[in-house]
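Residue numbers (the numbering used here), protein chains in the order written: chain A, 1 to 293; chain B, 1 to 254; chain C, 1 to 400.
We treat Cβ as the ideally placed atom computed from N, Cα and C, and that holds for glycine.
Reviewing the structure listed below.
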Ligand SMILES: Nc1ncnc2c1ncn2[C@@H]1O[C@H](COP(=O)(O)OP(=O)(O)OP(=O)(O)O)[C@@H](O)[C@H]1O
Ligand SMILES: [Mg+2]
């Protein structure tokens, strides 16, 4: 029983990480309508940058965080400006956007291999990061606290942003009804740039958190992307709380289900979950707010 | 205040006050297809001007061309004496035009409160604004108390008439020099049409907002407007006061 | 989707080239046999493009060093070796393509290659083409007996896994063992070798759990393994997920000896990411040439001088260099016996002689009946993961 609680806790923690990543994607798709697969590149790129500034260049954690945020944010904006904006101008179909996004992801992975090589890169955990303590039945690691803290920060910040700032309200307005937003004087192209920046910055958090716990690999973005897409479908595509709920749900399922099932099936359980939702509840846990236009 | 008895328009002559909008020889269309040709019109300070015409006459096209959503192929558009021909929709909005499009004209997934706040924020802090955002907000909420009572509800949960009020209020929150309304009565019951038109007239008179109103329901519109233009197949066929309009053979105009 | 189309294209190209090759090839042995100074082609198929190119291009460079040096050493024997290299991209499809070209267009008698997937794909084809196939850089245990014409010059993972399993059961008295392995064919193969060896030595494998490559959490796997109350735990994972396993073992308070192999124990990324969770872990390394050996150092220095950087995989490069001398020795013997240097005769000679003691770096190597090499296995213990692996103390050397 104690073990099960511990596994559930680990599942929630990993799920928050998936949720953070999915949340950025959700934000982007809800406003721009783009299923941004290249978000995986933003994650991997920021994880490598964090490693590069912290471990390779030894510039300190503060510079590493800023550097990772800068690279992550820049990657998001560049893909929007360099790929999606021209596609929007020629009124490309969703399929074209999807293929373009996937191509950016694979090309980006190849670039990461070219720059950093295929061997994994790791950040040496400091005493601060290795701290852990027992709380009741749970072993609580510093990593857990960092993830909880980062999630709370990101979710609160974006919640407030989207309800109380003009840029956040315009994200939702553009996602809801771009034509009306335009007649109101909102600049669509500028809003897209902002939302890609915001969504990408959110992805930098799981990027850095993964980098301090596990070696950084070129394929890490792709691995997380699959989880995030499942989380989005399960949670409801385009819904903000849905991304979080979906992420946590798959984190827990992945962690706890294999307690009873053979461990070979850990990925299978996720696909089974995806399958169940696609068949029985395609709108997801929370009704997705994705516009159909 | 939202009674069916709309204040009737004065039968005065053409506006003598300063012009807010001046359109000269406007030509616009889609691709090679010219929809609108040689249309000229003006809206004076504080005036409520109606633009009428049959289905497909080109009324929406005219509003789109004026507000910069569509680039005119010929002609000139001036706002407060400033040439805005070919300006972007964002720029005309910034300079003080606020168009309320036909149909889906509120953000259905956002609350009424958020719809209004966003509109205020978009135009926020324009130095030329004569009133504080708070003043406009109180005015709007006094005029449409429903917006206050249901402020936390999603705009999508409102009835058609209530949505029009939110849409008009959003336009007002930007404190426009000129409000352009595209058939606000679409899909409304007759009693609601009267309410909406009365509200437009009230806004026009109490806030002094100039209005260019596109409508189908000629009879009702004549009761609230200062002046009227009619276009047929994209060309102007009548311009004058509601009184003069009553002298015309309408079957020739529509 | 792009991956699938690329693979499809590669298969189509391989098939097309395979067809033309079959039409034109004669499959006869190599060697322009005439006069006093004969030249023998050495077919080399490595990843020269794609993600693994950095490693593969270095392999070819070390083979070229071997060719240069061997030709000097065997000059008095009146023959020369010439390397002919082809790109495998480390994929089965491109590998088959490369093998076909080497065997039919270049008419090489023997092909030297690496990467488990490539070797596995080439093994049956080499039989049809009549060339000898030497694995000089892949270690998947299921390469043992993968084809009649395949000999594994590079030690397979089974060598050290078998040794550590037997050692834990026989010398350390472990009765129950548990395995955590990566969920792929290599992990499965190694786990099977461990189980067979451990149970042959009288123990029992009580739990085998798998983890996905690059997984970030191993709590469930470790919990299930610990629930089976093993006396030892063997970890056979790849780089990405290893630190998650080690950290979970530490967090859940695993007290029994933990074993793994050099790919995990010596990997800098794993040591950094795991931190003190790796302390106390025992890992296997193979006996033979060490980076610290003067001859290896000299070779590395030569490489650094030529390329301006360290080689990518020195533990492999040693085998690359030595393989040329191995090949030269075979040619010399065949010539002395008056036999033609062709695939069939090469294999016959390797199987009859089995021990080769002319390798400049490794010294000697011995083949088993199954066509694999046997090596001393050295167990090392990580006392401080933050130190260089070279400083890990040796626990024991296990002789074959
Ligand atoms: N996006 C478009 N592309 C091409 N043609 C269009 C487009 N929008 C409108 N039209 C055409 O332009 C003409 C005028 O349309 P417009 O919408 O301006 O008329 P309207 O007067 O607003 O009509 P209604 O009263 O029905 O709203 C019509 O013939 C219409 O088919
Ligand atoms: Mg219209």
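Is the stretch 167 to 178 of chain B touching the stretch 99 to 118 of chain B in the sense that three or more CB pairs, one from each, lie closer than 8 Å? Because the criterion of three Cβ pairs below 8 Å is met, the stretch 99 to 118 of chain B and the stretch 167 to 178 of chain B touch.
Residues sharing a beta bridge with residue 176 (chain C), DSSP: Counting from 1 along the third chain, the entry for residue 176 (chain C) is found at position 176. BP columns for residue 176 (chain C) point to C:204.
Check whether the Cβ of residue 67 (chain B) sits closer than 6 Å to any heavy atom of ligand 2, and report yes or no. The residue labelled residue 67 (chain B) in the question sits at position 67 within the second chain. Checking every heavy atom of ligand 2 against the Cβ of residue 67 (chain B), none is found closer than 6 Å.
According to DSSP, simplified to helix, strand and coil, what is residue 74 (chain B)? Taking the first residue of the second chain as position 1, residue 74 (chain B) is located at position 74. Three-state DSSP puts residue 74 (chain B) in a strand.
Residue 14 (chain A) versus chain C: which residues are under 8 Å apart at the beta carbon? In the first chain, residue 14 (chain A) corresponds to position 14, counting from 1. Correct list: 216, 217.
What are the residues in the stretch 257 to 270 of chain C lying within 9 Å of chain A by C-beta distance? 267, 268, 269, 270
Measuring CB atoms only, is the stretch 1 to 18 of chain A touching the stretch 249 to 269 of chain A, in the sense that at least three cross pairs come out at less than 8 Å? Because the criterion of three Cβ pairs below 8 Å is met, the stretch 1 to 18 of chain A and the stretch 249 to 269 of chain A touch.
If you check the beta carbons only, do residue 159 (chain C) and residue 381 (chain C) fall under 7 Å apart? As a working mapping, residue 159 (chain C) is identified with position 159 in the third chain. As a working mapping, residue 381 (chain C) is identified with position 381 in the third chain. For the 7 Å CB-CB criterion, residue 159 (chain C) and residue 381 (chain C) do not form a contact.
Give me the Cβ distance between residue 239 (chain C) and residue 137 (chain A), rounded to the nearest whole Å; I'm assuming they're in contact under 8 Å. As a first step, residue 239 (chain C) must be located in the third chain, where it is residue number 239. As a first step, residue 137 (chain A) must be located in the first chain, where it is residue number 137. That belief does not hold up - the Cβ atoms of residue 239 (chain C) and residue 137 (chain A) are roughly 32 Å apart, past 8 Å.
Straight-line CA distance for residue 390 (chain C) to residue 383 (chain C)? Within the third chain, residue 390 (chain C) is the residue found at index 390, counting from 1. Within the third chain, residue 383 (chain C) is the residue found at index 383, counting from 1. Taking the straight line joining both Cα atoms gives about 12 Å.
Any Cβ of chain A within less than 7 Å of the Cβ of residue 183 (chain C)? As a first step, residue 183 (chain C) must be located in the third chain, where it is residue number 183. Closer than 7 Å: yes.
One question on the structure: do residue 78 (chain C) and residue 52 (chain C) come within less than 7 Å of each other, judged by their Cβ atoms? One-based indexing of the third chain puts residue 78 (chain C) at position 78. One-based indexing of the third chain puts residue 52 (chain C) at position 52. Their beta carbons are not under 7 Å apart, which means residue 78 (chain C) does not touch residue 52 (chain C) by this criterion.
Quick check on the DSSP output: the beta strand (DSSP E) that includes residue 57 (chain A) runs from which residue to which? The sequence position of residue 57 (chain A) within the first chain is 57, counting from 1. From DSSP, residue 57 (chain A) is part of no beta strand (DSSP E); its letter is neither H nor E.
For ligand 1, I want to know if residue 89 (chain B) counts as a neighbour, meaning its beta carbon is within less than 6 Å of at least one of the ligand's heavy atoms. For this step, residue 89 (chain B) is matched to residue 89 along the second chain. Checking the Cβ of residue 89 (chain B) against ligand 1 gives no.
Name the residue from A:92, A:95, A:42 whose alpha carbon lies nearest to the alpha carbon of residue 69 (chain A). Walking along the first chain from the start, residue 69 (chain A) turns up at place 69. Nearest option by C-alpha distance: A:42.
Under 8 Å between beta-carbons, which chain A residues line up against residue 221 (chain C)? List them in chain order, please. For the purposes of this step, residue 221 (chain C) is taken as residue 221 along the third chain, with counting starting at 1. Ordered by position in chain A, the residues that pass the 8 Å Cβ test against residue 221 (chain C) are 258, 263.
Given this structure, state the Cα-to-Cα distance separating residue 213 (chain C) from residue 127 (chain A), to the nearest angstrom. Sequence index remark: in the third chain, residue 213 (chain C) carries index 213 (1-based). Sequence index remark: in the first chain, residue 127 (chain A) carries index 127 (1-based). Looking at the two C-alpha atoms, the distance is approximately 27 Å.
Which residues, in order along the stretch 178 to 210 of chain B, keep a beta-carbon less than 7 Å from a beta-carbon of chain A? none
By the 7 Å beta-carbon criterion, what residues does the stretch 198 to 221 of chain A contribute toward chain C? 210, 213, 214, 215, 217, 219, 220
Quick one: is the Cβ of residue 60 (chain B) within less than 6 Å of any heavy atom of ligand 4? For the structure depicted, ligand 4 is absent and the ligand set comprises only ligand 1 and ligand 2.
Should the stretch 213 to 229 of chain B be regarded as contacting the stretch 191 to 200 of chain B, the criterion being three or more beta carbon pairs within less than 8 Å? yes
Apart from the five residues just before and just after residue 21 (chain C), which ones in its own chain have a Cβ nearer than 6 Å to its Cβ? For the purposes of this step, residue 21 (chain C) is taken as residue 21 along the third chain, with counting starting at 1. Confidence in residue 21 (chain C) is poor, its pLDDT being 35 and thus under 50, which makes the residue's placement unreliable; the coordinate value appears in the next sentence. Answer for residue 21 (chain C): 100, 104, listed in chain order.
Quick one: using the 10 Å Cβ neighbour count with 16 as the cut-off for buried, is residue 1 (chain A) buried or exposed? Translated into the one-based positions of the first chain, residue 1 (chain A) becomes position 1. Exposed.
Between residue 55 (chain B) and ligand 1, is there a pair consisting of the residue's CB and a ligand heavy atom that are separated by less than 6 Å? Counted from its first residue, the second chain places residue 55 (chain B) at position 55. Checking every heavy atom of ligand 1 against the Cβ of residue 55 (chain B), one is found closer than 6 Å.
Quick one: which residues of the stretch 115 to 133 of chain A get their C-beta closer than 8 Å to a C-beta of chain C? List them in chain order. 117, 118, 119, 120, 121, 122, 123, 124, 125, 130, 132
Between the stretch 80 to 97 of chain B and the stretch 59 to 71 of chain B, are three or more C-beta pairs nearer than 8 Å? yes
Using DSSP with H/G/I as helix, E/B as strand and the rest coil, what is residue 188 (chain C)? Within the third chain, the letter at position 188 stands for residue 188 (chain C). Helix, per DSSP.
By Cβ distance below 6 Å, which residues in the same chain neighbour residue 45 (chain A) in space, the five residues on each side in sequence not counted? Counted from its first residue, the first chain places residue 45 (chain A) at position 45. If you ignore the 5 residues before and after residue 45 (chain A), its C-beta comes within less than 6 Å of the C-beta of 71, 75, all in its own chain and listed in chain order.
Cβ neighbour criterion (16 or more within 10 Å) applied to residue 49 (chain C): Residue mapping note: residue 49 (chain C) aligns to position 49 of the third chain, counting from 1. Residue 49 (chain C) should be labelled exposed.
Backbone CA spacing between residue 12 (chain B) and residue 241 (chain B) [nearest angstrom]: For the purposes of this step, residue 12 (chain B) is taken as residue 12 along the second chain, with counting starting at 1. For the purposes of this step, residue 241 (chain B) is taken as residue 241 along the second chain, with counting starting at 1. Since pLDDT at residue 12 (chain B) reaches only 42, below the 50 mark, its modelled position is unreliable, and the value read off the structure follows with that caveat. Rounded to the nearest angstrom, the two C-alpha atoms are 8 Å apart.
Beta-carbon contacts of residue 137 (chain B) that lie in its chain and below 6 Å, excluding the five residues immediately before and after: Along the second chain, read from residue 1 onward, the residue named residue 137 (chain B) stands at position 137. Excluding residues within five positions, none has a Cβ falling inside 6 Å.
beta-carbon residue 30 (chain B) near ligand 1 non-hydrogen atom, thresh 6 Å: Counted from its first residue, the second chain places residue 30 (chain B) at position 30. Yes, the Cβ of residue 30 (chain B) comes within 6 Å of a heavy atom of ligand 1.
Can you find a C-beta in chain A that's less than 7 Å from the C-beta of residue 7 (chain C)? The residue you call residue 7 (chain C) lines up with position 7 of the third chain. The pLDDT assigned to residue 7 (chain C) is 39, lower than 50, so where the model puts this residue is not dependable; a value taken from the coordinates is nonetheless given after this. So no, residue 7 (chain C) is outside the interface.
Put residue 83 (chain B) into one of helix, strand or coil per three-state DSSP. By 1-based counting over the second chain, the position of residue 83 (chain B) is 83. Looking at residue 83 (chain B) - three-state DSSP - the assignment turns out to be strand.
Nearest neighbour of residue 32 (chain B), chosen from B:140, B:183, B:73, B:162 [CA to CA]: Walking along the second chain from the start, residue 32 (chain B) turns up at place 32. Among B:140, B:183, B:73, B:162, the Cα nearest to that of residue 32 (chain B) is on B:73.
Output yes if chain C places a C-beta closer than 7 Å to the C-beta of residue 296 (chain A); else output no. The requested residue 296 (chain A) does not occur in the structure, where chain A is confined to residues 1 to 293.
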